[in-house]
Ligand SMILES: Nc1ncnc2c1ncn2[C@@H]1O[C@H](COP(=O)(O)OP(=O)(O)OP(=O)(O)O)[C@@H](O)[C@H]1O
Ligand SMILES: [Mg+2]
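In our numbering, the protein residues as written are 157 to 561.
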């Protein structure tokens with residue numbers, strides 16, 4: 157087997173994963189190794205400006221924010237890839253199901269890939285999506301003559317029915333995002349619902365195949381996504397995230413939002429019992445200037461909100477001790493100390509935080525898991541294509557690279 161690079165032309169095979177979150181933008185520049193493994197060449201992060209509750213309200217501000225994250229990632233590589241796989245900001249996302257039917261057309265009624273595609277296409281027609289873009293159409297169940305079957309390819313039957321899970325994004329927002337990428341002269345190879353990307357990194361292959369739930373606690377939203385057969389079976393959003401915790405703190409402690417955010421990250425924990433009673437920290441209060449606050453008091457406020465969040469998730473997802481899937485928590489807010497134990501207790505089920513395994517490389521980049529997952533998903537779906545490099549190209553490339561490292 158020859159050496160594989162991504163087909164990026166002048167970008168020497170590099171590809172960019174760009175996660176547009178409501179609080180921050182993560183960029184990962186990667187290429188692909190011999191065994192199709194992803195090699196991270198640079199990472200960068202910036203505050204995301206130009207978004208209001210996930211809606212793009214200022215393209216120019218978003219351009220500047222993305223550019224800042226890219227510059228940081230580029231510093232290590234010395235080149236800016238043009239081909240990107242991007243996540244869509246979570247604004248007016250909708251999810252739904254519909255079914256479609258096709259009649260196998262081959263002689264003998266054997267089902268082909270075209271029949272599967274036609275059934276999915278028919279199911280799309282049932283979805284009214286005038287101001288929405290279908291981001292993903294996931295075939296979650298096939299039926300041959302009314303009988304469920306995992307993969308109908310090559311089977312014989314009079315009809316093929318599919319149930320398709322749709323992920324829809326606000327069309328105006330997607331168009332605004334595409335205009336932003338155009339202004340940055342980036343070529344969008346793929347657009348992805350962020351949890352699908354996150355699942356490539358935070359769930360193991362077995363968890364994605366046999367059943368796994370990813371709970372991504374971001375700034376504005378918590379997404380809860382169910383994977384099986386390596387497909388997104390269902391997903392829902394809870395409008396609670398780290399921002400709400402900071403707002404609780406700002407209100408209860410009478411501080412500005414940035415100050416609440418600072419003390420949350422520096423002193424926050426949901427393991428209240430482990431915080432010493434006498435433990436205190438200083439902060440700037442709005443009405444009383446510099447004040448000392450009991451850390452336990454603040455942690456109890458955080459605990460209340462996070463506990464409530466997991467209760468909502470448990471109820472909506474029907475999670476309990478008999479729940480058959482692995483449960484994994486990711487996202488910025490998952491870094492709060494003690495969250496795995498709290499989630500496990502509330503859900504009555506073992507919960508892990510972060511990626512599987514203890515591979516240090518995996519852990520190092522777990523903070524960029526969604527952006528990295530975008531690259532991985534782009535490869536998997538063929539949105540970005542590894543190809544065998546023509547002889548001579550690699551030698552030229554290596555000469556170039558040696559100048560950059
Ligand atoms: N160490 C930490 N402890 C507690 N909270 C943290 C920590 N680090 C980050 N956060 C919180 O995580 C949130 C950001 O998470 P993340 O980057 O996953 O969000 P996002 O992707 O920008 O948002 P969304 O997914 O909602 O669009 C912020 O609310 C931030 O305060
Ligand atoms: Mg996010």
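Built from N, CA and C at the ideal position, the CB exists for glycine as well. The structure presented is a predicted model; accordingly, all values stated were derived computationally and were not measured.
Item to check | Nearest-angstrom Cα separation, counted from residue 299 out to residue 425 | outcome: 48 Å
Checklist entry - So residue 212 packs on residue 245, CB below 8 Å; how close in whole Å? => result 7 Å
Next on the checklist: On the DSSP letters alone, give me the boundaries of the alpha helix (DSSP H) that residue 271 sits inside.
Outcome noted: 269-281
Next on the checklist: Following a CB-centred definition, is residue 375 positioned closer than 7 Å to any heavy atom of ligand 1?
Outcome noted: yes
Checklist entry - What's the call for residue 172, buried or exposed, on a 16-neighbour Cβ count within 10 Å? => result buried
Checklist entry - Are the beta-carbon atoms belonging to residue 350 and residue 175 less than 8 Å from one another? => result yes
Checklist entry - From residue 381 to residue 370, what does the alpha carbon distance come to, in whole angstroms? => result 5 Å
Checklist entry - At what residues does the alpha helix (DSSP H) containing residue 216 begin and finish? => result 215-231
Checklist entry - Which value, in whole angstroms, describes the spacing of the CA atoms of residue 347 and residue 480? => result 31 Å
Checklist entry - According to DSSP, which residues form a beta bridge with residue 208? => result 211
Item to check | residue 248, DSSP secondary structure in three states | outcome: coil
Checklist entry - Taking residue 328 as the reference, which of 353, 367, 285 and 311 has the closest Cα? => result 285
Checklist entry - Closer than 7 Å: is that where the CB of residue 526 sits relative to any heavy atom of ligand 2? => result yes
Checklist entry - Between which two residues does the alpha helix (DSSP H) harbouring residue 417 extend? => result 413-423
Item to check | The beta strand (DSSP E) enclosing residue 239, as first and last residue numbers | outcome: 239-243
Item to check | Cβ pair count under 8 Å reaching 3, the segment 495-502 against the segment 453-469 | outcome: yes
Checklist entry - Using a threshold of 7 Å, is the CB atom of residue 427 nearer than that to any non-hydrogen atom of ligand 2? => result no
Next on the checklist: What does the Cβ neighbour count give for residue 363, buried or exposed, with the cut at 16 atoms within 10 Å?
Outcome noted: buried
Next on the checklist: Quick check: the segment 448-455 against the segment 431-438, are at least 3 beta-carbon pairs closer than 8 Å?
Outcome noted: yes
Checklist entry - CB residue 526 to CB residue 353, shorter than 8 Å? => result yes
Next on the checklist: Quick check on the burial criterion: 16 or more other C-beta atoms within 10 angstroms. Buried or exposed for residue 555?
Outcome noted: For residue 555, the pLDDT reaches just 42, beneath the cut-off of 50, and the residue's location in the model is therefore unreliable, although a value from the coordinates is still provided. With fewer than 16 other Cβ atoms within 10 Å, it is exposed.
Checklist entry - Name the DSSP beta bridge partners of residue 180, please? => result 203
Checklist entry - Hey, residue 403 and residue 413: beta-carbon distance below 8 Å or not? => result yes
Checklist entry - For residue 162, does the count of other Cβ atoms within 10 angstroms reach 16, so buried, or fall short, so exposed? => result Here residue 162 scores only 36 on pLDDT, less than 50, and its place in the model is too uncertain to base an answer on.
Checklist entry - Under the three-state reduction of DSSP, which class applies to residue 547: helix, strand or coil? => result Residue placement at residue 547 is flagged as unreliable, the pLDDT there being 46, under the threshold of 50; the coordinate-derived value follows with that caveat. It is coil, neither helix nor strand.
Item to check | Pairwise C-alpha distance: residue 243 and residue 304 | outcome: 32 Å
Next on the checklist: I'd like to know if residue 190 contacts chain C, where contact means its C-beta is closer than 8 Å to some C-beta of that chain.
Outcome noted: The structure shown contains no chain C; it holds only a single protein chain.
Item to check | Nearest candidate by alpha-carbon position, reference residue 466, set 455, 337, 485 and 478 | outcome: 485
Item to check | Check whether residue 528 and residue 196 have beta carbons under 8 Å apart | outcome: yes
Next on the checklist: Quick check for students: name the residue ranges of the beta strand (DSSP E) that lie wholly in the segment 430-471, counting only runs of 3 or more.
Outcome noted: 436-441 and 445-450
Item to check | Short Cβ contact (8 Å threshold) for residue 313 with residue 265 | outcome: yes
Next on the checklist: So residue 455 and residue 419 are supposed to be a Cβ contact under 8 Å. How far apart are they, rounded?
Outcome noted: 11 Å between Cβ atoms; not a contact.
Item to check | Local conformation of residue 569 per DSSP, three classes | outcome: In this structure the chain extends from 157 to 561, so residue 569 is not present and cannot be described.
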